[in-house]
Amino acid sequence: MTDRDKAVFNTFRQPPNLRSGLADTLMAQIESGDLKPGQRLPTEQAIMAATGVSRTIVREALATLRAKGLITTHQGLGAFVSNDPNPRSFSIIPNDLQSIDEVLRVLELRMGVEYEAAGLAALRRTPEDIDRMQDRLDALDKALEKGGYGAQEDYAFHRSILVATQNSYYSRLFDTFGDIMVPRQWARLDKMTSFERKRHAARMRREHHAIFAAIRDGNEAAARRAIRSHLSKSAARFEELRDATHLS
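In my numbering, the protein residues as written are 803 to 1050.
Structure below.
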């Protein structure tokens, strides 16, 4: 590792989530040109020595970069910055959502996308769209009634809103999220009492039904308000969980 590499890595501070912190540091080096296309990355041992993180964390961070197409690996030679490290497609992979702060960033992005999509859906939805949304909503209700997470059903319902915009780019963008947009490990349903789980399910059903009703009725303003309220409340719940975790 060169002195310049060490200087950049020495700016690394161990955040609550080491994997994402190291991946962000490496991505920043690639994006800034400190690590150039075709350049070989420092060895795992060198990165460990410079950052103080474990080999497991280093390998998981490299896996994140590889999944994003930023680096390539060659057997026996190590990892290299891709010749064209600028990603041509956007994706969110499970390793991106290993902290509540990352989940909050995704919710912030979703709020911008879905706020507009909900309004368009209210203006453009067809009878087929309404039937599809109703089916997805029923499936979500059943999952919540059974005490499940409903992650896949939640994703399917929100995606049906984007389909109702009649603009395929919305649903194609949403497909980059998949049902990992709110990872199960952060739902913490297993930590809730029976009463808390029922209250959580009732709140989720109430918020989703409000979104559906506004779109079904063609009320553009109400649809935007409902989706914004839902995602804002979700973000607030995750902020409370993050703060409680920091205090514990």
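Even glycine gets a Cβ: it sits at the ideal position worked out from N, Cα and C.
Quick check on residue i: does DSSP put it in helix, strand or coil?
i: V905; result: helix
i: W988; result: In this prediction, W988 scores a pLDDT of 49, lower than 50, which makes its location untrustworthy; the coordinate-derived value is nonetheless stated afterwards. DSSP places W988 in helix when its eight states are reduced to three.
i: L927; result: In the sequence under discussion, the amino acid at residue 927 is Arg, which differs from the Leu named in the question. In the structure shown, R927 sits in coil (DSSP, three-state: anything other than H, G, I, E or B).
i: G921; result: helix
i: D836; result: coil
i: K948; result: coil
i: G854; result: coil
i: D886; result: coil
i: A1038; result: helix
Can you tell me which of the options puts its alpha carbon nearest to the alpha carbon of residue i?
i: V883; options: R1007, I1029, P844, A1016; result: P844
i: R1008; options: R868, Q936, D943; result: D943
i: A1024; options: S1031, A1016, R1030; result: A1016
i: G1020; options: S1034, D940, L925, H1010; result: L925
i: D977; options: A958, K993, T967; result: A958
i: E904; options: L939, S996, A825; result: A825
i: Y971; options: D940, V915, E1022; result: V915
i: L1033; options: Q968, L909, E1022, K993; result: L909
Mind checking which residues open and close the alpha helix (DSSP H) that includes residue i?
i: T745; result: Nothing about residue 745 can be reported from this structure: the residues present for the chain run from 803 to 1050 only.
i: V883; result: Here V883 belongs to no alpha helix (DSSP H); instead the beta strand (DSSP E) covers 880-883.
i: R1007; result: 996-1018
i: D956; result: 953-965
i: S970; result: 970-976
i: V860; result: 857-869
i: Q841; result: Run containing Q841: none; DSSP gives neither H nor E here.
Using a Cβ-Cβ cut-off of 8 angstroms (strictly less than) and excluding sequence neighbours within five positions of residue i, which residues of its own chain qualify?
i: E947; result: A1003
i: T813; result: With a pLDDT of only 45 at T813, under 50, the local geometry of the prediction cannot be trusted, and the value read off the model is given with reservation. Once the five neighbours on either side are set aside, the close Cβ partners of T813 are T827.
Once the 5 residues before and after residue i are set aside, which same chain residues still bring their CB inside 6 angstroms of it?
i: L837; result: Q831, V883
i: G952; result: L942, A945, L946
i: R1026; result: Y917, A920, G921
i: M935; result: S962, F1014
i: I932; result: R1018
i: R842; result: G880, F882
With 8 angstroms as the threshold, decide whether the Cβ of residue i is near any Cβ in chain C.
i: R1044; result: Here there is only one protein chain, and chain C is not present.
Looking at C-beta atoms only, is the number of pairs between the stretch 949-969 and the stretch 910-922 that lie closer than 8 angstroms three or more?
The stretch 949-969 vs the stretch 910-922: in contact.
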